[in-house]
Amino acid sequence: MDRVTIWNNTVEMGVGCGGLYCNDMDSSANFTVSNSIIFGNSGSQAHLINHHDAVLLRMGYSDFEGGVEGVNGSQRIEWGEGNIDTDPQFVGDCRVTDNSPCIDSGDPDAPRDPDGTRSDMGAFYFHQRDIAIEEREILFPPTPWGELDSLPITITNDGLTPLEITQISNCLCMSCVWTNKFPYEGAERLIIPPEESYQFQVYFRPDSAASMARTIFITSNDPDEPEITVEVTGQVMAVESDELDTYPSVYEVSAFPNPFNSSTRIRFAVGARPAVPLRLAIYDLSGRLVTDLTHSAFRTPHSAFGSVIWNACNQPAGVYFIRLESSNEVKTIKTLLMK
Ligand SMILES: [Ca+2]
Ligand SMILES: [Ca+2]
91 MDRVTIWNNT
101 VEMGVGCGGL
111 YCNDMDSSAN
121 FTVSNSIIFG
131 NSGSQAHLIN
141 HHDAVLLRMG
151 YSDFEGGVEG
161 VNGSQRIEWG
171 EGNIDTDPQF
181 VGDCRVTDNS
191 PCIDSGDPDA
201 PRDPDGTRSD
211 MGAFYFHQRD
221 IAIEEREILF
231 PPTPWGELDS
241 LPITITNDGL
251 TPLEITQISN
261 CLCMSCVWTN
271 KFPYEGAERL
281 IIPPEESYQF
291 QVYFRPDSAA
301 SMARTIFITS
311 NDPDEPEITV
321 EVTGQVMAVE
331 SDELDTYPSV
341 YEVSAFPNPF
351 NSSTRIRFAV
361 GARPAVPLRL
371 AIYDLSGRLV
381 TDLTHSAFRT
391 PHSAFGSVIW
401 NACNQPAGVY
411 FIRLESSNEV
421 KTIKTLLMK
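Counting in the numbering used here, the sequence shown runs from 91 upward without gaps.
Below is the structure:
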């Protein structure tokens, strides 16, 4: 007998045992009771009759009212480990409440309950905290350079006891993917009550020409899924339209298209008749000078604005900085070369 509940049974005849009754009149009747509840039955909880010493009751990891003393009749009993004699806290249909002593008190070597926890005693296990996240992979649609997109992740507690989220994290260093503060700044854990959900946002802003992938780790007190990973991928949207015919105003620099493929037009404005030396140059992500465009950009010495094409077909794909500087002002913009 494994994972059985015998509760609230009544007999009015014979030895008056409402629980287990075993008689070896006709045959041997050894039996083993494990992970079970035998409680609240009329008369005795077990009655053994041994005419031939053929009945043997083995009891382990069960809630048995009265303990070993609660067995009437013959005392051929092997009282194993893990038995208790405590009110199981039934709620009316052989199910137990969340403070029942039968929860997680079954044989630790028995198969786990469907919620991932140690076996309970009785016919119905108590479904504890159980994390559910549908979004295990998030794919952002192609996103324009410099723009921000977001998508939600929902964590649901499918169980009957509070689910504790202890961490939602990803690599935040120079990241193109990040999440809300968890769940607010300084909080160490988030409690999701039974059958409720918590939704947070995943943000994506492209920061390279390649496809970008990051992993978000969600840790909780769910016994069989203490860490869940969500894979997030995204990519930058390529620009295909013709170049914009606008010049920046005052002291500014812009590039179009951006991201670009092989070459981009850099437009700049430096104000009227700048009296100070100017420089326009391109740097890579590590700060190394890639090319100095000063000479071709400022061919006309006193222009308030102008443009120059940067041909980058010999450069590797990636992020580049365009830096316009005078002795008292600097403007830097980020560009993305895609191949
Ligand atoms: Ca359990
Ligand atoms: Ca689970």
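All C-beta atoms, glycine included, are put in the ideal place defined by N, C-alpha and C. The structure presented is a predicted model; accordingly, all values stated were derived computationally and were not measured.
Per-residue burial, residue i [other beta carbons within 10 Å of its own, 16 or more giving buried]
i	result
Q86	Nothing in the structure corresponds to residue 86, since the chain is present only between 91 and 429.
R219	buried
L253	buried
W169	exposed
S344	buried
T251	buried
G249	buried
C403	exposed
I412	buried
P316	exposed
P296	buried
P198	exposed
V181	exposed
R93	buried
T354	buried
D114	buried
R378	exposed
Beta bridge counterpart(s) of residue i as assigned by DSSP
i	result
S124	D92, G150
P178	For P178, which the question treats as bridged, DSSP gives no partner whatsoever.
L368	S416
K429	According to DSSP, K429 bridges with nothing at all.
D239	F294
V267	F294
C107	G133, S134
G61	Here the chain comprises residues numbered 91 to 429, so residue 61 is not present and cannot be evaluated.
I223	I245
C403	C403 pairs with nothing; no bridge assigned.
Q289	T244
F350	L427
Proximity test, residue i beta-carbon vs ligand 2 heavy atom, cut-off 7 Å
i	result
I282	no
E237	no
E254	no
I221	yes
G206	yes
D312	yes
E286	no
E321	no
E315	yes
Any non-hydrogen atom of ligand 1 closer than 7 Å to residue i Cβ
i	result
S301	no
T95	no
D92	no
I306	no
I243	no
D177	no
F216	yes
S152	no
D203	yes
I193	yes
D114	no
S240	no
S209	yes
Proximal residues to residue i (C-beta, below 6 Å), its chain only, five neighbours per side dropped
i	result
P313	G206, T207
L146	N120, R166
C112	A119, L138, V145
N401	S353
8 Å CB neighbourhood of residue i in its chain, flanking five on each side removed
i	result
M428	A299, V326, A328, P349, F350, N351, A407
N131	I96, W97, N98, N99, T100, C107, G108, G109, E155
Q257	F272, F307, I308, T309
P204	Y215, H217
R293	At residue 293 the sequence reads Tyr, which differs from the Arg that was named. Contacts found: L238, D239, S240, V267, W268, T269.
Contact set for residue i: own chain, Cβ-Cβ below 7 Å, skip 5 residues either direction
i	result
M211	N125, S126, I127, Y151, S152, D153, C192, S195, G196
A200	N125, S209
V380	I372, Y373, D374, Q405, Y410
G37	This structure leaves residue 37 out entirely; the chain is present only between 91 and 429.
S449	Since the first and last residues shown for the chain are 91 and 429, residue 449 lies out of range.
S386	V398
CB contact check: residue i to chain C, cutoff 8 Å
i	result
S386	Going by chain labels, chain C is absent from the structure shown, which holds only one protein chain.
*Pair every Cβ in the segment 213–229 with every Cβ in the segment 151–166, then say whether three or more of these pairs are closer than 8 Å.*
no
Q) For the segment 134–145 against the segment 98–109, are there 3 or more C-beta pairs whose distance is under 8 Å? A) yes
**Q.** the segment 280–297 contacting the segment 236–248, beta-carbon criterion three pairs below 8 Å
**A.** yes
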